[in-house]
């Protein structure tokens, strides 16, 4: 049950960015779109948590081994196989892979996949380095072992059982605008973004990626969080067993990190002081 649900601000306020004044160009008042409780937003890296849940679902079913080597599932990914990267390392961002690759500069998906297949760790495996590449490789593993796309796995395994009807990969009509994306601050010249994924690599991959691409509303995210806090169930639906939710949330976390002071500020600390209280 939701205690409070309110909306404020604008889903669309600006038409563009004016580099000469270094300011946004506001739309006329009658053309602006107010945000409502139904407004979807680009979830960006929150997508990683959904990918992680999809992976833990396969671990629970026995089709994926958390300490299995990635090369056992992706024999054609030579660099990951040669360095014996594991599923756990992908989930905990300890693979040593760099944060990202410029997949958005590739000519086509064949070239993008070739880059991923050849990408070797630049850091020491076992040390933490937050990397989108971990979730992209995990997406490849999940799609290989199930024969289904990540969008289907998230829909069938998470959002549909929980009744999260406003959550899915884009394009997403009616979503809040993200930004006027252009160089030099952006990695591609795409203009004002609304309803298409902001992340350039996810965009280049067609909008469905392990690290970014989902859109959702506050209400749907509340349902998702409640399901995890309640041990994997919400109402009549269960997406994970309690032991596997514990596996997902136990520090350092799988696919994400809990209770980060650099992000949460003074709200952080409760999980560190009493880890059982957040589950």
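Residue numbers (the working numbering): 899 to 1177. Just so you know, even glycine gets a beta-carbon here, dropped at the ideal spot from N, CA and C. Computed from a prediction, not measured in an experiment: that's the story for all the values here.
Which listed residue (the options) has its alpha carbon closest to that of residue i
{"i": "residue 1015", "options": "1026, 1165, 1034 and 1022", "result": "1034"}
{"i": "residue 943", "options": "1021, 1121, 1099 and 969", "result": "1099"}
{"i": "residue 1037", "options": "1121, 932, 971 and 909", "result": "971"}
{"i": "residue 1042", "options": "1091, 974 and 1096", "result": "974"}
{"i": "residue 1143", "options": "1164, 1097, 904 and 1128", "result": "1128"}
{"i": "residue 1102", "options": "986, 1007, 929 and 1057", "result": "1007"}
{"i": "residue 937", "options": "1134, 1116 and 1163", "result": "1116"}
{"i": "residue 1119", "options": "986, 1155, 1061 and 1163", "result": "1061"}
8 Å contact criterion, which residue i and residue j should meet: CB distance rounded
{"i": "residue 1153", "j": "residue 999", "result": "The Cβ separation is near 19 Å, so there is no contact."}
{"i": "residue 952", "j": "residue 1040", "result": "6 Å"}
{"i": "residue 945", "j": "residue 1109", "result": "6 Å"}
{"i": "residue 1076", "j": "residue 1092", "result": "7 Å"}
{"i": "residue 1023", "j": "residue 981", "result": "7 Å"}
{"i": "residue 924", "j": "residue 912", "result": "6 Å"}
{"i": "residue 930", "j": "residue 910", "result": "6 Å"}
{"i": "residue 906", "j": "residue 935", "result": "Not confirmed; about 10 Å, so no contact."}
{"i": "residue 1094", "j": "residue 1104", "result": "In fact, because the Cβ distance is near 11 Å, the residues do not count as touching under 8 Å."}
Cβ pair residue i, residue j closer than 8 Å
{"i": "residue 955", "j": "residue 1055", "result": "yes"}
{"i": "residue 966", "j": "residue 990", "result": "no"}
{"i": "residue 995", "j": "residue 1029", "result": "yes"}
{"i": "residue 1136", "j": "residue 1130", "result": "yes"}
{"i": "residue 915", "j": "residue 1157", "result": "no"}
{"i": "residue 1107", "j": "residue 1002", "result": "no"}
{"i": "residue 939", "j": "residue 1064", "result": "no"}
{"i": "residue 1146", "j": "residue 1005", "result": "no"}
{"i": "residue 1113", "j": "residue 1068", "result": "yes"}
Residue i, enclosing alpha helix (DSSP H) - first and last residue
{"i": "residue 950", "result": "945-959"}
{"i": "residue 922", "result": "Where residue 922 is concerned, there is no enclosing alpha helix (DSSP H), although the beta strand (DSSP E) it sits in stretches over 921-924."}
{"i": "residue 1147", "result": "1140-1147"}
{"i": "residue 1049", "result": "1048-1052"}
Contact with chain B by residue i, beta-carbon distance below 8 Å
{"i": "residue 1135", "result": "Absent from the structure: chain B. Only one protein chain is present."}
Endpoints, beta strand (DSSP E) assigned at residue i
{"i": "residue 908", "result": "908-910"}
{"i": "residue 1119", "result": "Premise fails: residue 1119 lies in the alpha helix (DSSP H), 1116-1127, not in any beta strand (DSSP E)."}
{"i": "residue 1089", "result": "1089-1092"}
{"i": "residue 1098", "result": "Element bounds for residue 1098: not the beta strand (DSSP E) but the alpha helix (DSSP H), 1098-1102."}
Uninterrupted beta strand (DSSP E) stretches inside the stretch 976-1043 (no shorter than 3 residues) = none
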